[in-house]
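Visitor: In our numbering, the protein residues as written are 487 to 906.
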Ligand code: EPZ
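#1: Do you know whose CA, among 856, 899 and 752, lies nearest residue 721's CA?
#2: Helix, strand or coil, according to DSSP, for residue 827 in the structure here?
#3: Looking at the secondary structure, which residues open and close the beta strand (DSSP E) in which residue 641 lies?
#4: Please give the ranges of any beta strand (DSSP E) in the segment 776-831, keeping only runs that are unbroken, at least 3 residues long and fully inside the region.
#5: Which one or two residues does DSSP pair with residue 656 in a beta bridge?
#6: Helix, strand or coil: which one does DSSP assign to residue 636?
#7: Residues in the same chain with beta-carbon distance under 7 Å from residue 843, minus the five sequence neighbours each way, listed in chain order, please.
#8: With a floor of 4 residues, list each alpha helix (DSSP H) that falls wholly inside the segment 541-566, ordered by position along the chain.
#9: Does residue 657 pass the burial test, meaning 16 or more other C-beta atoms within 10 Å, or should it be called exposed?
#10: Three Cβ pairs or more, each shorter than 8 Å: is that satisfied between the segment 811-827 and the segment 879-891?
#11: Could you check if residue 579 belongs to the surroundings of the ligand EPZ, using beta carbon to heavy atom distance under 8 Å?
#12: Indicate the three-state DSSP secondary structure (helix, strand or coil) for residue 538 in the structure shown.
#13: Can you look up residue 617 in the DSSP assignment and give me helix, strand or coil?
#14: What do you reckon, is the C-beta of residue 886 under 8 Å from a heavy atom of the ligand EPZ?
#15: For residue 532, collect the residues of the same chain with a Cβ closer than 6 Å to its Cβ; drop the 5 residues on either side in sequence, then sort them by chain order.
#16: Can you have a look at residue 487 and say buried or exposed, based on whether 16 or more other CB atoms are within 10 angstroms of its CB?
#17: Between 882, 837 and 836, which lies nearest to residue 857 when the distance is taken from Cα to Cα?
#18: Across the segment 515-523 and the segment 684-700, are there enough close Cβ pairs to call them in contact, namely three or more that are closer than 8 Å?
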């Protein structure tokens, strides 16, 4: 396994271009199972998770080509309705092949995704939606067995105790595209990636309205055809680079970003004193003056994204004063706290809250990545810490950030990889 080494203390300067959104491309690749026709997806980031989803599509009977950001999916052999544990257990998002398989083949056998370090991550809302669409759901030896004579539209409330569910909305919306009659999803997730999936489904011939709002209406159709689609920019990668510029006191232009997808993050950074020049699809960020502490609560979109919580904790760890970070989506998503404290941060966990008392400086140290966004948090901390930081288990980072070292090196960071 590799580890990432960072020499801290350098200001980032220059331009970085953001890749396509991981959390958009994964459900959109799953949606290609809804047709036998060819689909062409552009702006696809070359990530560990992208390649896992492509392996799953191949195991389900698809042929896939992936070159220079373009994925072409065609039907290779008879469709297979079983999504194997070996692949599904490595990536939770693969669970959203359930809806498309059930819709097109009237049956599906999909391994239950394991939990992960950020939380238990149940799938009860996914299964609630599939049952509501007139399918029979059984759980057997760690697999979900779903079957139906005919999917029928329904009114489905998809809200859970932690708010709406992104992938449950994706899964049920995809199944509903081929159900007979009308489906209304209430308390649907509003994330830009859900909207992007719906835009792709509409290009395939689906009849969807209200996507990106809490009420989504789907009029079932008999079949869907192939389509071509370009993935939206990754707002979480863009947010990570905004913080990297700030934490190093740099001056960075971020290109291929939709500022409208980062409203809550931009609001917090401006409140904290960051200087941002915002254009349609680029943002220049400079460290203007002393940043002030701020309180963060993660919420479903358009609230502050949970996927930016670990990263902003690094910034608040070196921002003088007290910042309280409250995690409402995954109350246990704090594995990064102990690692930041090993670098000299003063952070205290109180249930779903982290109380961050900013320090003047962090010190480089050997740390361990526990999940995708925690590894981004440790990278940001390493950029500002004195001395050298080495981050082990960086396969977590490779799941969601394309060419991350090269992008940071081009901005002046001293960052390299070594064998563990
Ligand atoms: C998506 O995961 C993202 N992943 C996550 O990003 C992101 O953190 C999350 O949405 C929240 O924004 C992808 O899109 C591939 P949820 P998802 O269902 O859909 C609970 C990253 O770092 N819940 O929206 O699996 C759940 O436990 C990853 O890129 C149920 O209770 O998350 C959580 O508390 C990490 N029952 C809340 O809802 C369910 O059936 C939101 O989860 C489903 C979810």
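Note that beta-carbon positions come from the ideal geometry of N, C-alpha and C, so glycine has one too.
Guide: On the basis of the data shown:
#1: 752
#2: helix
#3: 641-643
#4: 782-784 and 808-813
#5: Bridge partners of residue 656: none, in fact.
#6: coil
#7: 808 and 832
#8: none
#9: buried
#10: no
#11: yes
#12: helix
#13: helix
#14: yes
#15: 888
#16: exposed
#17: 882
#18: yes
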